[in-house]
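Visitor: Just so you know, we're using this note's numbering here: the sequence shown kicks off at -2 and counts up by one. Once you've had a glance at the structure underneath, I'll fire off some questions.
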Amino acid sequence: MTLPSDAAFARSFSDALGIACTEARVRRFPDGELEVQWHPGAMPHTAVVVASLAATQTDSLHDRLMQLVFGIHQLKTAGVERCIGVVPYLGYARSDTKTAPTDMVGLQIVMRHLHYAGMDALLTVDVHTPAALHNAFTGSAWSVNAVPPMAKALYAHLPAQVPLSVCAPDVGAWKRARAWAGALSTPARGAVELAMVHKQRIRPDAVTHDAFTGDVEGRTVVVVDDMISTGGTMAQAVRTCYEHGAHAVWAAATHGLLVDPAPVRLAEVGVKGVLIADTIPDDRTVNTPLAERLHVVDVAPTCAEELSAVLPTGEL
Ligand code: R5P
């Protein structure tokens, strides 16, 4: 079962599991209220609801959150026993800690809404901080690792004769960079070097850096992160790698939010290609200079595989 904007991901997901997929009807009334309707008929024991918590061209992130809350609540009141949310991108996941006593923890609030609506379990992809998700959600929560399918897709684009480095655009991405380096090293290509940009965020949409570690000279470099939002972090890292002599620089991030001005920023720093997963419903690069450099990897089959591995046989 899916919200309309997530139909492509949901179809790939349900095809991989061999189960039927139905799409909700969402209506918006003139006063702004929303209505979510499922097809009438027999309700399953367990329903999987696919909905990415990211804004689309027609709906804000908060519209999408309410659609998911309404959709889950309706299924539960119509007789569904267990509701599993498949939320490929989990908006507010970065809001996972307080730096002052009066700060909000957005992740916790979103998780409580979904729990009270009736979501019993949650599967998401490369969540910002898995431990924060497990603390914030009362039911079972799984974060699928998108690095293996993404690295497999990227490998074919990288020239075999040029040595490779993987670069973390900030300290937080270091573990991810190690995972990418492991996934991209093969006996044929040899060892993959690691590098890191030491980022400082100076505004919500702007970053700078004060140091660089590692060797990228003459190499193809892949800068890896969990998401590209305004593109400040990624563009800074790509530029820094070129300043340190990189031959060509790719960007690979699971969630391509690509909020304005990310497409232009990345194109301007000369990124060779941008690899993202299909966790965000819209392609934000249409009609931008980045359009032809964007590559999207379908991670729905990997999500389906992970879900079927954790559910009792025959539950779906
Ligand atoms: C930060 O901790 C995240 O991992 C990303 O690096 C960040 O959210 C990207 O944001 P932006 O594209 O706006 O720099």
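Glycine is no exception: its CB is placed at the ideal position from the N, C-alpha and C atoms.
(1) Below 8 angstroms on the Cβ atoms is my contact criterion, and I expect R321 with E190 to pass it. Report the Cβ-Cβ distance as a whole number of Å.
(2) Can you give me the start and stop residues for the beta strand (DSSP E) that M193 sits inside?
(3) What's the call for H42, buried or exposed, on a 16-neighbour Cβ count within 10 Å?
(4) In its own chain, which residues sit with a C-beta less than 7 angstroms from the C-beta of F134, not counting the 5 before and 5 after it?
(5) Which of the three DSSP states is assigned to R25 in this structure?
(6) Who are A274's beta bridge partners in DSSP?
(7) Just confirm the distance between the C-beta atoms of L87 and V46, as a whole number of angstroms; I'd bet it's less than 8 angstroms.
(8) Do the stretch 163 to 171 and the stretch 137 to 152 make contact, defined as three or more Cβ pairs closer than 8 angstroms?
(9) Note down the Cα distance separating A44 from D295, rounded to an integer number of angstroms.
(10) What does the alpha-carbon distance come out to for the pair K95 and V293?
(11) The ligand R5P and P166: does any heavy atom of the ligand fall closer than 8 angstroms to the residue's C-beta?
(12) Taking DSSP's pairing of strands, which residues face V77 in a bridge?
(13) Under 9 angstroms between the Cβ atoms of V246 and V219?
Guide: Walking through what the data contain:
(1) With the chain running from -2 to 313 in the structure shown, residue 321 is simply not present.
(2) Where M193 is concerned, the enclosing beta strand (DSSP E) stretches over 190 to 200.
(3) Exposed is the call here.
(4) M108, H112, L119.
(5) It is a strand residue.
(6) DSSP lists V294 as partners of A274.
(7) Contact between L87 and V46 is absent: CB atoms are separated by about 14 angstroms, not below the 8 angstroms threshold.
(8) By the Cβ test, the stretch 163 to 171 is not in contact with the stretch 137 to 152, since fewer than three Cβ pairs between them sit closer than 8 angstroms.
(9) Their backbone Cα atoms lie some 22 angstroms apart in a straight line.
(10) Cα to Cα, K95 sits roughly 34 angstroms from V293.
(11) Within the chosen limit of 8 angstroms, the ligand R5P reaches the beta carbon of P166 through at least one heavy atom.
(12) Paired residue(s): none; V77 is not in a bridge.
(13) A contact, by the Cβ cut-off of 9 angstroms.
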